[in-house]
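Residue numbers for the sequence shown follow my numbering, so the first one is 39 and each next one is one higher.
Backbone N, C-alpha and C fix where the C-beta goes; we use that ideal spot for every residue, glycine too.
Keep in mind that this is a model prediction, so the values were computed, not measured.
As structure tokens, the structure follows; a few thoughts come after it.
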Amino acid sequence: MAVASASASASAAPSTGHLSAPPPAEPAPSAKGGRVTKGDETAVLLEPRYTPFQLAECSAFSKSKLSPKHWASLSPVQKAKYQAYTSPSAAILNCVAHSEKRIDGLIKEEKKRVSEDIAGIKARMVRAEDTSLVGPAAARRRMQKRHQEETEAKNMDLQALIEGQRSSFDAIRLKEYLLSKQTQAAGRPLNDKDRRRVEMLLSL
């Protein structure tokens, strides 16, 4: 019984040789990237691209030069002038970082939409150019076909007229003078501008 009571008292007595380590403190919010756990809520902290204004040594907006009483007497607008040169809290920096991330996403979407619009406009311009070239080409083919038909009809009429002559000598002379020949009209050559103008007139 004495040994049991002695061991119980020894176990109950505090140990003076080694002190137990205190529980780890909760991480403080930081402006750097990471996670901060508070209770059951976990907030993701991003690193914003925001930096406060640089305060000069001789600046009149140094908060350290004011007494607590003077600081309390300032209006919110006056306090904002001093706070513009101090680093904001981690919560505000986190909001700024999330806003920057959201704005970056909107800018990417806008750039994507603009690039798609430009690609669509270029495709429509190519189709319109192809369509504008189809009309003059079809007009040229129609004119060539019409000229060929007229030439063939004229040659047939001349051939019938030649065959109706009284003698072969008269037929040869008539054929020599009346048979249509392909003659090239003299004139200055057409440049690209004139050719486009003619093609546009033919396509009307």
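Exercise. How many angstroms separate the CA atom of T124 from the CA atom of Q116?
Worked result: Rounded to whole angstroms, T124 to Q116 spans 14 Å at the Cα level.
Exercise. Just the Cα atoms here: how many angstroms apart are A66 and L112?
Worked result: For A66, the pLDDT reaches just 43, beneath the cut-off of 50, and the residue's location in the model is therefore unreliable, leaving the point undetermined.
For this session: Could you pull the start and end residues of the alpha helix (DSSP H) that S11 belongs to?
Result: In the structure as shown, the chain starts at 39 and stops at 242, and residue 11 therefore has no counterpart that could be examined.
Problem set entry | DSSP state of L240 mapped onto helix, strand, coil | helix
Exercise. With DSSP run on the structure shown, which of helix, strand or coil describes K231?
Worked result: helix
Problem set entry | Local Cβ density within 10 Å of D232, reported as buried at 16 or more and exposed below that | Exposed, because fewer than 16 other Cβ atoms sit within 10 Å of the Cβ of D232.
Exercise. What runs of the alpha helix (DSSP H), each 4 residues or longer, lie entirely inside the segment 151-220?
Worked result: 206-216
Problem set entry | DSSP-derived helix/strand/coil call for Y123 | coil
Problem set entry | Spatial distance of P106 from A122 (CA atoms) | 18 Å
Exercise. Going by beta carbon distance, what residues of the same chain come within less than 8 Å of I130, once the five residues before and after it are set aside?
Worked result: Excluding positions up to five away in sequence, the list is empty.
For this session: Go through its chain and collect everything with a Cβ distance to Q203's Cβ below 7 Å, but skip five positions before and after it.
Result: Taken in chain order, the residues that qualify are A209, L212.
Problem set entry | 8 Å Cβ cutoff met for L240 and A177 | yes
Problem set entry | S137 in three-state terms, based on DSSP | If DSSP states are grouped into helix, strand and coil, S137 belongs with the helices.
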